[in-house]
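In what follows, a structure is listed as C-alpha cells, so that the remarks can point back to it.
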Amino acid sequence: MWVISKRTILVVAVIILTAVTAAICFTAINGGSAGADKSGLTVVLDAGHGGIDGGVTGVNTGVKESELNLLIVKKLRDYLEDAGFKVVLTRSSDAGLYGLATSGLKRKDMEKRRDIILKANPALVVSVHLNKYSVSSRRGAQVFYKAGDENGKKLAESIQEEFNGMDTSERAFSALTGDYYILNCTDYPSVIAECGFLSNPEDESLLVTEEYRDSLCYSMFKGIVRYIAESAEGAA
-6 MWVISKRTIL VVAVIILTAV TAAICFTAIN GGSAGADKSG LTVVLDAGHG
44 GIDGGVTGVN TGVKESELNL LIVKKLRDYL EDAGFKVVLT RSSDAGLYGL
94 ATSGLKRKDM EKRRDIILKA NPALVVSVHL NKYSVSSRRG AQVFYKAGDE
144 NGKKLAESIQ EEFNGMDTSE RAFSALTGDY YILNCTDYPS VIAECGFLSN
194 PEDESLLVTE EYRDSLCYSM FKGIVRYIAE SAEGAA
C-alpha cells in the first residue's frame, strides 16, 4: 500500500531537480568544472534485448522479455520526464541495435548501447531485464550493480528497497554484484533491474498487466529520486 501519493513524489522530485540544477549553476559561475552542466540530470534507460534477440519467454503466455522490457522502460521514462529529468533510451522500438544482420550481432548491439550511454553523459543508467530460473517457484524483482562501484551500489540498494516494499513482494531481496557488460562498459553509476521471473507463473501473470508494470516503474522512479537526493545531500 502506498503511503505517499504519486503526486507528492513527483513534486519532491521537481524540488530536488531544481536544487541540484541551482547547485550546478552556482558551481559553473564560480569557476567549477567545465563538465558540470545539466547533463548530470540525464538518466539513461536501457531496455534489454530486442530484434532477433527476444530474451527469455513467459512460461505460460510465451511473451517475449524484450517486449515487456520496452514497455517498462517507456513507462519509467514518463515518470522521470514528468518530474523534470532528461531521459535517453538506448532503444525505443522492438528493433535491435546491431544494424545489418551479420555476424557478431550481440557484441554490436551491446557496443551500440555503450556508445549511447557515453554520448548521453548521464547521472545514472538503469538497464531493465526479466529473469528466468530452472526452479519455477523463484520469483521477485532484484537489482544488480558492478562490484566496487559505490554509487552503483547505493542506486541498486535504493531501487531494491522500493521493490521489496511492493505489495506483491513475498521476500526481501538484497542488491547483488554482477559481472555484466552493461554495468562494466562505462564508469557511470549503473544497475540492472531484473523485474521478475518469466519462468514463474505468478510473476508472469503480473508482468503482462499494465497495472503491475506501472507499480514496478513507480518503485524504480522512487528509488532513483531518493538516490539523487541523497547524492546531492552528500555533495553539499
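Numbering-wise, the sequence shown is residues -6 to 229 according to the numbering used here. The C-beta atom is built at its ideal place from N, Cα and C for all residues, glycine as well. Bear in mind that the values here come from a model prediction, so they are computed numbers and not experimental data.
Note down, in chain order, each residue of its chain lying with its Cβ closer than 6 Å to the Cβ of residue i, except the 5 sequence neighbours on either side.
i: V205; result: Here residue 205 turns out to be Tyr, not Val, going by the sequence shown. So the qualifying residues of the chain are L199.
i: D102; result: G89, L90, Y91
i: N23; result: The predicted model places N23 with a pLDDT of 33, which falls under 50 and marks its position as unreliable; any figure quoted below should be read in that light. No residues qualify anywhere along the chain.
i: F137; result: L169, G171, I185
i: C135; result: Note that residue 135 corresponds to Gln in the displayed sequence, not to Cys. Closer than 6 Å at Cβ, skipping near neighbours: F166, E187.
Do residue j and residue i count as a contact pair if the criterion is CB distance below 7 Å?
i: L148; j: V201; result: no
i: F166; j: S212; result: no
i: F78; j: L34; result: yes
i: V218; j: P115; result: no
i: T179; j: A140; result: no
i: L84; j: A40; result: With the sequence shown as reference, residue 84 is identified as Arg, and Leu is not the correct amino acid for it. For R84 and A40, yes; Cβs fall inside 7 Å.
i: E60; j: H42; result: no
i: E187; j: A168; result: no
i: K112; j: V49; result: no
Comparing C-alpha positions only, which one of the options sits nearest to residue i?
i: E223; options: N144, M159, L69, F166; result: N144
i: D242; options: D142, D75, S192, S208; result: It is not possible to answer for residue 242, since the shown part of the chain is limited to -6 through 229.
i: Y174; options: G47, E104, G227, L38; result: E104
i: V128; options: V52, L176, D75; result: V52
i: G216; options: G97, Y72, V56; result: Y72
i: R106; options: V81, S130, S96; result: V81
i: F214; options: Q153, D172, V56, Y181; result: Q153
i: G245; options: G158, L98, E74, D75; result: Outside the modelled stretch of the chain, which goes from -6 to 229, sits residue 245, for which no answer is possible.
i: D108; options: I221, Y181, E203, Y220; result: Y181
i: Y220; options: D172, L176, K146; result: K146
Hey, is residue i close to the ligand GTP, as in C-beta under 6 Å from one of its heavy atoms?
i: E163; result: With respect to small molecules bound, the structure shown includes none, and the ligand GTP cannot be examined in it.
So what does residue i bridge to, in DSSP terms?
i: G43; result: D46
i: E187; result: H122, Q135
i: K79; result: T35
i: K57; result: T50
i: T170; result: Y138
Going by beta carbon distance, what residues of the same chain come within less than 8 Å of residue i, once the five residues before and after it are set aside?
i: R132; result: E163, G189, F190, N193, E195, D196
i: D87; result: G43, G44, S59, E60, L63
i: S130; result: N193
i: N177; result: K139
Cutting at 7 Å between CB atoms, please list the residues of its own chain near residue i, excluding the five before and the five after it.
i: C18; result: The predicted position of C18 is uncertain, since its pLDDT is 34 and thus under 50; a value taken from the coordinates is nonetheless stated next. Here the set comprises nothing.
i: A228; result: none
i: E226; result: none
i: A27; result: Residue placement at A27 cannot be trusted, given a pLDDT of 35 that sits under 50; the coordinates are not used to answer.
i: C210; result: I65, K68, L69, Y72
i: D142; result: P182
i: T54; result: E197, V201
Touch check for the region 118 to 127 and the region 61 to 72: three-plus C-beta pairs under 8 Å? yes
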